[in-house]
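Visitor:
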Amino acid sequence: MDREPEDLQFLGIVGIIGSAFKILRSCAKLLGSLTLTLILPLCFAILGHQLVSEYLLYKIHWNEMFYQVENGTPAGERIMKELTWERTELFIFQAAYLLFVLVFSLLSTAAVVYTVASIYTGKEISYARVMSIVPRVWKRLMGTFLWFFIILFAYWMAFVLITAFVVFLFLLMFPVEGNKFNLAGFIFSLIIITVFFCGYVYISMVWHLACVISVLEDKYGLGAMQKSWNLIKGNRITALVLDILYLVFVGIIGWFFGYYVLHGNRHGAGSTGRGAYGTVLVGLLCFAHLMGLLTQSVFYFVCKSYHHESIDKSSLSDHLEVYLGDYEPLKSSNIQMENLHDFV
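Quick note on numbering: full-length UniProt numbering labels position 224 of the sequence shown as 224, and the sequence is numbered without any gaps.
(1) According to DSSP, is Leu11 part of a helix, a strand, or is it coil?
(2) Assuming Val101 and Leu42 form a contact by the criterion Cβ under 8 Å, report the distance between their Cβ atoms to the nearest whole angstrom.
(3) Exposed or buried, which one is His289 when buried takes at least 16 other CB atoms within 10 Å?
(4) Roughly how many angstroms lie between the CA atoms of Val261 and Ala28, to the nearest whole one?
(5) Straight-line CA distance for Met173 to Val166?
(6) Could you check what DSSP says for Asp218 in three-state terms: helix, strand or coil?
(7) Taking the alpha helix (DSSP H) that Val282 belongs to, which residues open and close that run?
(8) One question on the structure: do Glu86 and Lys59 come within less than 9 Å of each other, judged by their Cβ atoms?
(9) Shorter than 9 Å from the beta carbon of Ala111 to some beta carbon of chain B?
(10) Can you list, in chain order, the residues of its chain with a C-beta nearer than 7 Å to that of Val137? Leave out the 5 residues immediately preceding and following it.
(11) Cβ of Ser214 within 8 Å of any heavy atom in the ligand MG?
(12) Roughly how many angstroms separate the alpha carbons of Ala210 and Ile187, rounded to a whole number?
(13) Quick check on Glu82: does DSSP put it in helix, strand or coil?
(14) Is it the case that the Cβ atoms of Val250 and Leu285 are separated by a distance below 9 Å?
(15) Go through its chain and collect everything with a Cβ distance to Leu24's Cβ below 8 Å, but skip five positions before and after it.
(16) Rounded to the nearest angstrom, what separates Phe257 and Leu281 at their Cα positions?
(17) Give the single residue among Glu64, Gly48, Leu141 whose Cα lies nearest to the Cα of Thr279.
(18) Can you find the residues in the same chain that come closer than 8 Å, C-beta to C-beta, to Gly199, ignoring five residues on each side of it along the sequence?
(19) Under the rule that 16 or more other beta-carbon atoms within 10 Å means buried, what is Tyr55, buried or exposed?
(20) What three-state label does DSSP hand Asn235 in the structure shown?
(21) At 4 residues or longer, and completely inside the segment 18-98: list those alpha helix (DSSP H) runs for me, N to C.
(22) What's the C-alpha gap between Gly254 and Phe197?
(23) Comparing C-alpha positions only, which one of Met80, Tyr202, Phe153 sits nearest to Met65?
(24) If you draw a straight line from the C-alpha of Ile203 to the C-alpha of Leu40, how long is it?
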């Protein structure tokens, strides 16, 4: 669907997703290579994490049961040593997993967003070129992530303190009276969880757009988060729906993985069937992650158009060359927009 740059602001959810599909088709070979290199390991780690974690937790659970029986005996001391090591092993694994996911998540974001921007500007793009700039873009994304983490932690702490105060007032107003409290407590808990989830999703939406800004503009870190906060205004519903669609799709994949792969033996699935299910689900998760990054990039241009901020192809092209050391960084005020309608 052809649109003038100033009309991109009217691009809805279906149009954004359609544009992402069009970009995927136009550069399938390169995006496929990036998926195999950066997104596949990420998705494999995310789903494989469930398998390894359950195995380690299973070992800890059974040793804890044996320790209760053998407590105070030489065998109990041996079991306690095993428990200490297994808990340490679980901690190391979880820390390594989080670090791995963070690194590959940022690397894949840098690669895909840079690729989309290069396609828009008509620059010659190759796998080697993208991989050469990823480490430089990744540093900017790490700065943005750190500010996202700080903001999210502050939000969590503030939410806990406010919730504790509200719960205290709630208990004063509604003393414990058997089943009446259970119903009131359930409703109150549901409201609290909903409010927290909405706040978390909104902060995540701002961060996702800030990641694109960190690649395509001279801002990163707190500056990118602030720019994203302002840029997303007027398109919050679109961002929310895109985020929820992604989370629901990924959640369904996770549920199927747990049901048919993780606990497939309980539902009559053999080793071959579980392996086949796992392969398909890893592929679907790769597709979901790639489409999520593509829609983020398209959504960025939609927001720029909505706020009448444009991006000139030559200016954006010069900005992308900064990562190769060929140009001086541009100011975001110099970024203009035109000729983006080829993909929307």
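Backbone N, C-alpha and C fix where the C-beta goes; we use that ideal spot for every residue, glycine too.
This structure is a prediction, so every number in the text was calculated from the model and none was measured.
Guide: Looking at the coordinates:
(1) coil
(2) 6 Å
(3) buried
(4) 29 Å
(5) 10 Å
(6) coil
(7) 271-306
(8) yes
(9) Among the chains in the structure shown there is no chain B, since it carries only a single protein chain.
(10) Ala110, Tyr114, Val215, Tyr323
(11) Summarising the ligand content, the structure contains no ligands, and the ligand MG is consequently not present.
(12) 35 Å
(13) Glu82: helix per DSSP, three-state reduction.
(14) yes
(15) If we look at Leu24 and ignore the five residues flanking it on each side, its Cβ neighbours are Leu31, Leu290, Met291, Leu294.
(16) 7 Å
(17) Gly48
(18) Tyr155, Phe159
(19) exposed
(20) coil
(21) Considered as a whole, the segment 18-98 harbours 28-34, 40-70 as its complete alpha helix (DSSP H) runs of no fewer than 4 residues, in chain order.
(22) 19 Å
(23) Met80
(24) 26 Å
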